[in-house]
Amino acid sequence: LDGPNLMMGYMTGDRPGELQPLEGWHDTGDIVSVDREGFITIRGRAKRFAKIAGEMVSLGAVEMLVQSLWPEEHHAVVAVPDKRRGERLVLVTTADNADPDELREFGKKAGAAELMVPNDIVKVEEIPVLGSGKTDYVSTRKLALERLGLSAAA
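Plus 6 on top of the position in the sequence shown (first one is 1) and you've got this note's numbering.
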């Protein structure tokens, strides 16, 4: 984003190893997509990651993959504990037709790493949202844990 109304940055913005935005720009931490007409849609936050078998997986990127397969539905991807791999991905979706095999095949054709494809799918009528209309990931994760019969510290 750019404009006179932007703050100068975060106090800790000079941490080594982090890319700094160009002069006058501010990194919002949002993951976006741009359609053919140039419209920008916010898809998620860059800081939403799962650590699976030592690999960092962007939950926002997984949501974008799922959204491209079932674009008319609402999806949220959350990480839950996994004894063997640290964490695993769960897709919470309003898609009645969501099928793990179809998702795996779609992910493979799209070139997605196997770690990016959730094996668990929780189907819901509605995904919890905050007052702002954004996905409530805390409530969505609790819902996924309950439906899968897991505890938060499994």
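Ideal Cβ placement from N, Cα and C applies to all residues, glycine included. Just so we're clear, the structure is a prediction, and the values are computed from it rather than from any experiment.
| Beta carbon of A150 nearer than 9 Å to that of V96 | Residue mapping note: residue 150 aligns to position 144 of the sequence shown, counting from 1. Residue mapping note: residue 96 aligns to position 90 of the sequence shown, counting from 1. A150 places its beta carbon less than 9 Å from that of V96.
| Could you give the distance in angstroms between the alpha-carbon of G139 and the alpha-carbon of V84? | Along the sequence shown, one-based indexing puts residue 139 at 133. Along the sequence shown, one-based indexing puts residue 84 at 78. Each residue's alpha carbon lies about 18 Å from the other.
| message | Here's the rule I'm using: 16 or more other beta-carbon atoms within 10 Å means buried, otherwise exposed. How should E69 be labelled? | response | Looking up residue 69 in the sequence shown gives position 63. By the 16-neighbour rule on beta-carbons within 10 angstroms, E69 is buried.
| task | Could you name the residues that DSSP lists as bridge partners for T82? | result | Along the sequence shown, read from residue 1 onward, the residue named residue 82 stands at position 76. Going by the sequence as given, residue 82 is Ala instead of Thr. For A82, which the question treats as bridged, DSSP gives the partners V98.
| request: For W76, count neighbouring Cβ atoms within 10 angstroms of its own Cβ and tell me buried if that reaches 16, exposed if not. | output: Translated into positions along the sequence shown, residue 76 becomes position 70. W76 counts as buried, since no fewer than 16 other beta carbons sit within 10 angstroms of its beta carbon.
| Residues near P27 in its chain [Cβ-Cβ closer than 7 Å; skip 5 each side] | Counting from 1 along the sequence shown, the entry for residue 27 is found at position 21. Within the same chain, P27 has close Cβ partners D33.
| message | Measuring straight from C-alpha to C-alpha, what distance separates D126 and I46? | response | On the sequence shown, position 120 is the one that residue 126 refers to. On the sequence shown, position 40 is the one that residue 46 refers to. Those two C-alpha atoms are separated by around 30 Å.
| field | Cross-strand partners of V40 (DSSP beta bridge) | value | Here residue 40 corresponds to residue number 34 of the sequence shown, with the count starting at 1. I46, per the DSSP bridge assignment.
| In terms of residues, what are the limits of the alpha helix (DSSP H) holding D107? | In the sequence shown, residue 107 corresponds to position 101, counting from 1. Start and end: P106 to K115.
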